C-alpha cells in the first residue's frame, strides 16, 4: 500500500510542478545540447526528491533500512537543493563541485568508507587510496548521470532499471521506494515529454547509485563490479565520450551532443525507440551479473557495449 501511495504522490507532484513551471515560465529552452525542439517545463525531479525522502523516512521509522545507509542517502538532499538552485540560477562550476565533494565526503563518512577494491588479480586495501577512488566515483556518478539526462525517458527508465535490478539481486525496500518515486515522474517524462527532470533529480539519482555501489561493495567486494555492470550503459557512454572529446582537443565544459544516445536521436531514432533499445541492453547486463564468474561478466559487458558503440558510429558520420 505504501508503494502505491508513493507512486500517486510522485505522479501528482509532477503534475503540480509542471503547472507551476508553466505559470512561472520555468522552462528548459532549446540550446546546442538540446534534443528537444521547443521549450519544456523543468524541475520535475523535485517530485522524485520529495517522494524519495518521504519513502526513506517511512523505511527508517519502521526499521526497514540500516542506519548508515539511511544517513548516507539522506545526505543527498544537499545535492538536490544545490542542483535545483543551479537549474534556476546557473551556479558556477566551482560551487557545484564544492557541494558534490561535500556530499561525497558525507556519504563515505556515514558508510564508514569503502573497505577495499578487488581488482581480481590484486586487492587494494590501503584505506587512503581506496577512499580517494571512492570519493571520485561518487562525484563522477553524480555528473555522468546528469550528462546522460538528455532525451525523454532515458534517465528515468535507467533509474527504474537499476532500482528493480538492485531489488532482484540484493533485496531492500529502498529500491522499491526509488522505483515508484521515479515511475510517477516518468509517466510525464515519456516521449513527448511534458516536463523534464532537471539537475535536481539527475544528480540525486547519480548520487544514490554511487552510495548503493559502495554500501553493497562493503558487504562483498564483488558487489562493486555488480553495480559497475548494472550501471555500465551510462558510465561507459559518458566515460568514452569524455575520452574521445579530450583526445580531439575539445573544451570539455562546452555543451555537446556526442553521447551515443544523442547520436542515435540525430540519426533519426525517436526518443522512445532509443529508450526501448537501452532497456533491451540493460536486460542483457542484468543477466550477466548472474554468471558465476564476475570477471567474465565484466568482460562480456565491455565487449557488448563497445560493439554497440561501434555500430552507432557506423549509423551516421557525425
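In my numbering, the protein residues as written are 8 to 325.
Note that CB positions come from ideal geometry on N, CA and C, so glycine has one too.
In this text the structure is predicted, and so the values were computed from the model without any measurement.
Between the beta-carbon of residue 246 and that of residue 265 there is about 13 Å, and that puts the pair past the 8 Å contact cut.
Note: residue 34 is bridge-paired with 48 in the DSSP secondary-structure output.
Setting aside the 5 residues that flank it on each side, residue 113 is surrounded in the same chain by 82, each with a C-beta closer than 6 Å to its C-beta; the list follows chain order. Going by DSSP, residue 247 is part of the alpha helix (DSSP H) stretching over 239 to 254.
According to DSSP, residue 125 shares a beta bridge with 130. Looking at the backbone, the Cα of residue 312 and that of residue 239 are separated by about 8 Å.
Excluding five sequence positions before and after residue 70, none of the CB atoms of its chain fall closer than 8 Å to its own CB.
In terms of Cβ geometry, residue 121 and residue 138 form a close pair [threshold 9 Å]. A straight line joining the alpha-carbon of residue 141 with that of residue 210 spans about 17 Å.
Note on residue 262: under 16 other CB atoms within 10 angstroms of its CB, so exposed under the neighbour-count rule. Annotation: residue 297 to residue 95 spans about 43 Å, alpha carbon to alpha carbon. In this structure, the beta-carbon distance from residue 187 to residue 32 does not fall below 9 Å.
With distances taken between CA atoms, residue 301 lies nearest to 231 out of 150, 56 and 231. Listed in chain order, the non-local C-beta contacts of residue 253 below 8 Å within the same chain comprise 259, local neighbours out to five positions each way being set aside. Setting aside the 5 residues that flank it on each side, residue 241 is surrounded in the same chain by 151, 152, 155 and 165, each with a C-beta closer than 8 Å to its C-beta; the list follows chain order. Around the beta-carbon of residue 35, 16 or more other beta-carbon atoms lie within 10 Å, marking it buried.
Leaving aside the five residues that flank residue 198 on each side, the residues in its chain whose CB is nearer than 7 Å to its CB run, in chain order, 159, 160, 277, 278 and 279. If you draw a straight line from the Cα of residue 88 to the Cα of residue 64, it comes to about 18 Å. Boundaries of the alpha helix (DSSP H) around residue 114: 100 to 117. The Cβ atoms of residue 218 and residue 145 lie closer than 9 Å to each other. Taking the Cβ atoms as the reference, residue 66 lies roughly 15 Å from residue 57, outside the contact range of under 8 Å.
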